[in-house]
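So for the sequence shown, our numbering puts the first residue at 383; every next one is plus one.
The C-beta atom is built at its ideal place from N, Cα and C for all residues, glycine as well.
Owing to the predicted nature of the structure, the values given are computational and were not obtained by experimental measurement.
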Amino acid sequence: MKILDIRFSVKNGKVILYFPPEAPRVRILREKTEPAKLMECDRERTPERAVVLFEGCPERLSAHYMYRDDTTEVNGLYDYWITELFEDGETLCHPVLVRVRDEEIWWPREKYERYMEEIHRDFPDRTEIIECGRTTRGYPLRYIVIGSRDRCAAYLGAVHAGESGPELLLPAAGRILSTTPELFDACGAAILPAVNADCREDMVEGVPQYIRTNPNGVDLNRNFPADWEIVNKGYGLSTDCFLDGTYRGRSPASESETRAVIAMMEAVKPMVILSYHWLCGICEDRLLISEGAREDEAYMGVYRQIMDAFHQGFIKGLGLPPRKKRLEPCCTPGSLPHWGYLRGIPAFDVEGNYEPQFMYPEFEGCATDQTTREMLALALDCHEGAMRRILQYVGGMERFPLR
Ligand SMILES: [Zn+2]
Numbered sequence: 383m384k385i386l387d388i389r390f391s392v393k394n395g396k397v398i399l400y401f402p403p404e405a406p407r408v409r410i411l412r413e414k415t416e417p418a419k420l421m422e423c424d425r426e427r428t429p430e431r432a433v434v435l436f437e438g439c440p441e442r443l444s445a446h447y448m449y450r451d452d453t454t455e456v457n458g459l460y461d462y463w464i465t466e467l468f469e470d471g472e473t474l475c476h477p478v479l480v481r482v483r484d485e486e487i488w489w490p491r492e493k494y495e496r497y498m499e500e501i502h503r504d505f506p507d508r509t510e511i512i513e514c515g516r517t518t519r520g521y522p523l524r525y526i527v528i529g530s531r532d533r534c535a536a537y538l539g540a541v542h543a544g545e546s547g548p549e550l551l552l553p554a555a556g557r558i559l560s561t562t563p564e565l566f567d568a569c570g571a572a573i574l575p576a577v578n579a580d581c582r583e584d585m586v587e588g589v590p591q592y593i594r595t596n597p598n599g600v601d602l603n604r605n606f607p608a609d610w611e612i613v614n615k616g617y618g619l620s621t622d623c624f625l626d627g628t629y630r631g632r633s634p635a636s637e638s639e640t641r642a643v644i645a646m647m648e649a650v651k652p653m654v655i656l657s658y659h660w661l662c663g664i665c666e667d668r669l670l671i672s673e674g675a676r677e678d679e680a681y682m683g684v685y686r687q688i689m690d691a692f693h694q695g696f697i698k699g700l701g702l703p704p705r706k707k708r709l710e711p712c713c714t715p716g717s718l719p720h721w722g723y724l725r726g727i728p729a730f731d732v733e734g735n736y737e738p739q740f741m742y743p744e745f746e747g748c749a750t751d752q753t754t755r756e757m758l759a760l761a762l763d764c765h766e767g768a769m770r771r772i773l774q775y776v777g778g779m780e781r782f783p784l785r
């Protein structure tokens, strides 16, 4: 099969293909696939049950042609092939695989930006939207501060593109603000909904596979100036190998997203940092902390209280009694939790559970890219509960001296 540079984007559930064919005419084929996981395109795959969508000369933009497929369904996963049609024969090109994501589950940038503006419009005296930097591709990174600026919990979403963020953090805060605004008298929440906003938008716009790194291939959660020099070999990868998913970057804070987070933290001076991870819009109540804090009793005590507050608020959303959780000091050099710890700010990566005794079957589908609106709504109940408890805790906690 020939390699043809086929690009795509998905808007409002419809797929648009862009391609530069050499032939005067093309045939466009499509085959629906059942998603079993966060799938990657099999470039050697040939059409078996494909339908012909189009034959002829598509709309010409420039050197590129465009074809818009209006017949896709939300949550569909589709292989597209283009066959170049010449006078004396035809050439089949490698496929592209496109995932039509549900914009109620994967909020596009435009939607979460609008949501922040709506909160600000409804509560102008209690909120502020602040730009803290730009993404690698030059888009503004903006966070919203709700409530007291003096005693903030900082929330970050989507440090890793395919994980969780805007859809949980913003509506959780929005609901608390609408129903119990007085909770924000003694404390505040500063929320940057998507840190790795560029690659997250790639997933919103149809990239089927899991993306972790930013557009430069850097794992932002290894790029912070926090013992960055120490190479880590976790997950069987190496943070000093530029091809690995945990690549730390060429220097500490080399990435504009990392610098934006640092600028936000320096402005907000948060009491606590919670960075949301896990998969496909869903996050649970497994809190990871810096491995450097393992022997630090003063910090471990506070980490435990914050973890318990988070868990107790979270599990109420499921109608379950609290469980005994354990602290996991495993965040590596270059990670945000380690950066927070070195500066005197308790910081957590919030993850999902994989040990059988802690797993929540309600959220299992997210691991295979099967997050549903119902699942997200339940997760939102849980995270609203967790945020309430964290805000209450932060309202009364003592600040560590910033180091
Ligand atoms: Zn992650």
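Within 7 angstroms of any Cβ in chain B, is that where the Cβ of residue i sits?
i: F505; result: Looking for chain B here will not work: only one protein chain is present.
Could you round the C-beta distance between residue i and residue j to whole angstroms and report it? I think they count as a contact, below 8 angstroms.
i: L386; j: A535; result: Not really, about 49 angstroms apart at Cβ, beyond 8 angstroms.
i: V480; j: V397; result: 5 angstroms
i: V482; j: G556; result: Going by Cβ atoms, the distance from V482 to G556 rounds to 27 angstroms, so no, they are not a contact pair.
i: G701; j: G767; result: Contact flag wrong, Cβ pair sits at about 11 angstroms.
i: G544; j: L718; result: That belief does not hold up - the Cβ atoms of G544 and L718 are roughly 17 angstroms apart, past 8 angstroms.
i: L762; j: P553; result: 6 angstroms
i: Y723; j: A729; result: 6 angstroms
i: T714; j: G616; result: 6 angstroms
i: C514; j: A645; result: 4 angstroms
i: L758; j: E744; result: The pair is not a contact, with the Cβ atoms about 11 angstroms apart (cut-off 8 angstroms).
i: R503; j: I511; result: Wrong, their Cβ atoms sit about 10 angstroms apart, outside the cutoff.
i: T621; j: R632; result: Contact doesn't hold; Cβ gap of about 12 angstroms is too wide.
Considering only C-alpha positions, which residue in the set the options is nearest to residue i?
i: E413; options: Y460, M448, E485 and H446; result: Y460
i: M637; options: I528, M682 and L602; result: With the sequence shown as reference, residue 637 is identified as Glu, and Met is not the correct amino acid for it. Considering only alpha carbons, the answer is L602.
i: D452; options: N394, L762, D424 and V600; result: N394
i: Y449; options: E744, F606 and R407; result: R407
i: M498; options: I526, P490 and R516; result: I526
i: R725; options: C514, M647, L574 and C662; result: M647
i: T509; options: P563, F468 and R519; result: P563
i: M585; options: E455, Y629 and G663; result: G663
i: H788; options: G520, F390 and G515; result: The question about residue 788 has no answer here: the residues shown for the chain are numbered 383 through 785.
i: A418; options: F436, G458 and K384; result: G458
i: V456; options: L443, I487, R442 and D470; result: I487
i: D607; options: E437, G716 and E466; result: Correcting the residue identity first, residue 607 is Pro in this sequence and not Asp. The shortest Cα separation from P607 among E437, G716 and E466 belongs to G716.
i: I528; options: G520, L559 and R503; result: L559
i: E472; options: M741, I410, C764 and T454; result: I410
i: L661; options: I512, R496 and V541; result: V541
i: G438; options: S444, T754 and E466; result: E466
i: D484; options: T454, E495, D507 and V434; result: T454
i: D626; options: R594, I688, R641 and E422; result: R594
i: E404; options: I464, H659 and C423; result: I464
i: Y629; options: P597, A749 and C423; result: P597
i: L551; options: M769, E469 and M682; result: M769
i: K493; options: F401, E583 and R519; result: E583
i: E495; options: A432, A579, V434 and V433; result: A579
i: G778; options: E673, A649, S530 and M741; result: S530
i: Y685; options: V643, F782 and A749; result: F782
i: F696; options: R771, A568, I501 and L435; result: R771
i: H693; options: C748, D424 and G734; result: G734
i: D609; options: V650, W721, H659 and F624; result: W721
i: C712; options: P738, M682 and D567; result: M682
In the DSSP assignment, what residue or residues form a beta bridge with residue i?
i: E573; result: What sits at residue 573 in the sequence shown is Ile, not Glu. The partner list for I573 (beta bridge, DSSP) reads I526 and Y537.
i: D751; result: None, per the DSSP bridge assignment.
i: A729; result: I655
i: P711; result: I671
i: K706; result: DSSP, once it has assigned bridges, lists no residue as partnering K706.
i: K384; result: C475
Compute the minimum distance between the beta carbon of residue i and the heavy atoms of ligand 3, and state whether it is under 6 angstroms.
i: E545; result: Ligand 3 is absent from the structure shown, which contains only ligand 1.
_Please give the ranges of any beta strand (DSSP E) in the segment 462 to 507, keeping only runs that are unbroken, at least 3 residues long and fully inside the region._
Fully contained in the segment 462 to 507 are the following beta strand (DSSP E) runs of length 3 or more, in chain order: 471 to 474 and 478 to 481.
*Taking the runs of the beta strand (DSSP E) that are 3 residues or longer, which of them lie wholly in the segment 389 to 461?*
With a minimum length of 3 residues, the continuous beta strand (DSSP E) runs that stay inside the segment 389 to 461 are 389 to 393, 396 to 401, 407 to 415, 433 to 438 and 447 to 451.
*In the segment 632 to 677, which residue ranges form an unbroken beta strand (DSSP E) of at least 3 residues, counting only runs that do not cross its ends?*
Here the runs fully enclosed are 654 to 658 and 668 to 672.
*What runs of the alpha helix (DSSP H), each 4 residues or longer, lie entirely inside the segment 503 to 562?*
Within the segment 503 to 562, the runs of alpha helix (DSSP H) at least 4 residues long that lie entirely inside it are, in chain order, 548 to 561.
*Is the segment 517 to 537 touching the segment 647 to 661, taking contact as three or more C-beta pairs under 8 angstroms?*
Judged by Cβ distances under 8 angstroms, the segment 517 to 537 makes contact with the segment 647 to 661, as three or more pairs qualify.
*Is it a yes or a no for the segment 700 to 715 touching the segment 664 to 678, going by three-plus beta-carbon pairs under 8 angstroms?*
Touching, yes, given that three or more Cβ pairs across the two stretches are closer than 8 angstroms.
*Would you be able to state if there are at least three C-beta pairs under 8 angstroms between the segment 564 to 575 and the segment 546 to 556?*
Judged by pairs of C-beta atoms under 8 angstroms, the segment 546 to 556 touches the segment 564 to 575, as three or more such pairs exist.
*asked:* Could you check whether the segment 425 to 435 touches the segment 462 to 477, counting it as contact only if at least three pairs of C-beta atoms, one from each stretch, sit closer than 8 angstroms?
replied: Here the segment 425 to 435 lies against the segment 462 to 477, with 3 or more beta-carbon pairs under 8 angstroms apart.
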